[in-house]
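First residue of the sequence shown? That's 1 in full-length UniProt numbering, and the numbers climb one at a time after it. All C-beta atoms in this analysis are idealised placements derived from N, C-alpha and C, irrespective of residue type, glycine included.
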Amino acid sequence: MFRQTLLFIIRLFVGGLFIFSGLIKVNDPVGTAIKLEEYFDVFSNDIASFFYLFKDIALPLAVFLVVAEVVLGVMLILGVRLRLTVWALGLMILFFTFLTFYSAYFNKVTDCGCFGDAIKLTPWESFIKDIILLVLIGVLFFYRNSLSNSGPAWAKWTVRVSLVLSVALAITAIRNLPFIDFRAYKEGVNIPEAMQPSAPLQYEYVMEKDGEEFIFDQYPSDDSYEFKEMKLVNEDALPKISDFAVWNDDGDYTDEILTGRKAVILITSISKMNRAYLEKLDEVMRGLEGTPITPLVVAASSQNEIDTLIQDRAWNVTGYQADATVIKTIMRSNPGLMLLDEGKVLRKYHVRNTPNSGEVIDVYAQ
């Protein structure tokens, strides 16, 4: 009796955690795909070059993984095909444990993306979390023959519904933007303010003298102390945004982008961007001419590619460059549109949902 109760509690905990993790990532499968691409880049350089080929299927693989997390979590809690579920979860957690260990030990991917952008874990925290799950799933695996391998009809239908809903939510998030934006550049964020510390940064200075270690909150004026390291005390005060920068061949234009009213077309890669809806962006670019809103293009491509695109589309705008990771963090659409007012993010649009110029003007009028 005690064993069955313990196994049920483990099922609830593990299943609930997988459902929670999966739902957060179903909200943003593109973000999960980006994280997988980071791993594939690392593995292609460190382990075997063929891992680079997986980058082409990162998005469908991401959808499969996040949907599997939700569905397997539901199956585990409801007791549907438990032996198969435990096998599948065991293989999945072994895969995740390998990823998080590799990240932590070799310091390659500093954020595993286990809970998307909602909850940030350090590599070692992620690894410890996966070890705990591995142990708990190991217990279920050990007692798998004592687990029921079927569930009531309503439970099986619940699993089917969770599968359909998860896939539908993932596809909707891909074709639009995440339902809930957990990123530093979400609507309402003032980028210049987010680039500043929330409080004065405080440091501790670790010094050594006569073989003994001392810690000071101010750098000592006594030259007899030997400096060892400097530690940040209030890490929670660090800027939420530390890597935003925009430039072109004439220099840095970050401050200029963050002043006034700007309608920014963000492009992760010009060669890979979705060109099916560029006519919508054409209308926005033309319609904003002569208004207080300045349209512009920011892309993670060469300046020549940017200038060629602008010329081909007959956009009367200036083009700038930015880091691909920053653009991917800001916008889950390639291309996408972001409206800024004195650096504050007013709206972000997937290219499929690009508003017309009148609607853009109305946003600033609100």
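Where residue i falls: helix, strand or coil (DSSP)
| i | result |
| --- | --- |
| Tyr143 | coil |
| Arg160 | helix |
| Asn149 | coil |
| Asn353 | helix |
| Arg175 | helix |
| Ile180 | coil |
| Tyr185 | coil |
Opposing strand residues paired with residue i [DSSP bridges]
| i | result |
| --- | --- |
| Arg313 | According to DSSP, which records beta bridges pairwise, Arg313 is partnered with nothing at all. |
| Asn248 | Gly251 |
| Leu347 | Here residue 347 turns out to be Arg, not Leu, going by the sequence shown. Arg347 is bridged to Leu339. |
| Asn190 | Lys344 |
| Arg261 | Ile293, Asp341 |
Beta-carbon separation (whole angstroms), residue i vs residue j, contact threshold 8 Å
| i | j | result |
| --- | --- | --- |
| Glu38 | Val109 | 5 Å |
| Gly73 | Gly16 | 7 Å |
| Met338 | Leu278 | Actually they are not in contact, since the Cβ atoms of Met338 and Leu278 sit about 16 Å apart, beyond 8 Å. |
| Val363 | Leu346 | 6 Å |
| residue 370 | Ile24 | Nothing about residue 370 can be read from this structure; the chain reaches only from 1 to 366. |
| Asn190 | Gly343 | 6 Å |
| Ala263 | Val284 | 7 Å |
| Pro335 | Met273 | 5 Å |
| Leu140 | Val86 | 5 Å |
| Asn107 | Pro123 | 7 Å |
| Val326 | Leu296 | With a Cβ gap of about 15 Å, Val326 and Leu296 do not count as contacting. |
| residue 367 | Arg332 | Here the chain has residues from 1 to 366 only, and residue 367 is not among them. |
| Ser148 | Val71 | Actually they are not in contact, since the Cβ atoms of Ser148 and Val71 sit about 18 Å apart, beyond 8 Å. |
| Phe182 | Asp243 | In fact, because the Cβ distance is near 17 Å, the residues do not count as touching under 8 Å. |
| Ser42 | Ile137 | It is worth fixing the name first, because residue 42 is Val in this sequence and not Ser. About 26 Å separates the two Cβ atoms, so there is no contact after all. |
| Tyr225 | Glu208 | 7 Å |
| Val206 | Glu213 | 6 Å |
| Gly290 | Ser357 | No, Gly290 and Ser357 are not in contact; Cβ-Cβ is about 11 Å, not under 8 Å. |
| Ile34 | Lys328 | 5 Å |
| Leu36 | Leu61 | 6 Å |
| Val233 | Gln202 | 4 Å |
Would you mind listing the alpha helix (DSSP H) stretches within the stretch 198 to 243 that are 4+ residues and don't spill past its ends, in chain order? none
Using 8 Å as the threshold, is the stretch 164 to 179 in touch with the stretch 64 to 72, meaning 3 or more CB pairs across them? yes
Write down every uninterrupted run of the beta strand (DSSP E) in the stretch 263 to 344 whose length is 3 residues or greater and which is fully enclosed by it, in chain order. 293 to 299, 318 to 321, 336 to 341
Give, in chain order, every unbroken run of the alpha helix (DSSP H) that is at least 4 residues long and sits entirely within the UniProt domain "Methylamine utilisation protein MauE" (4 to 142). 29 to 46, 58 to 78, 82 to 106, 123 to 142
Per the contact definition of three or more C-beta pairs closer than 8 Å, is the stretch 154 to 164 in contact with the stretch 307 to 315? no
Flag this pair as touching only if the stretch 251 to 270 and the stretch 224 to 239 have three or more C-beta atom pairs under 8 Å; answer yes or no. The stretch 251 to 270 makes no contact with the stretch 224 to 239; the number of CB pairs closer than 8 Å stays below 3.
Is it true that the stretch 235 to 243 meets the stretch 216 to 227, where meeting means three or more beta-carbon pairs spaced less than 8 Å apart? no
Using 8 Å as the cut-off, can you tell me whether the stretch 347 to 358 makes contact with the stretch 175 to 192, which would need three or more C-beta pairs spanning the two stretches below that distance? In this structure the stretch 347 to 358 touches the stretch 175 to 192; the number of beta carbon pairs closer than 8 Å is three or more.
Within the chosen definition, does the stretch 84 to 91 reach the stretch 123 to 132 through at least 3 CB pairs nearer than 8 Å? no
Cβ contact (3+ pairs, closer than 8 Å) linking the stretch 3 to 18 and the stretch 54 to 62: No contact exists between the stretch 3 to 18 and the stretch 54 to 62.
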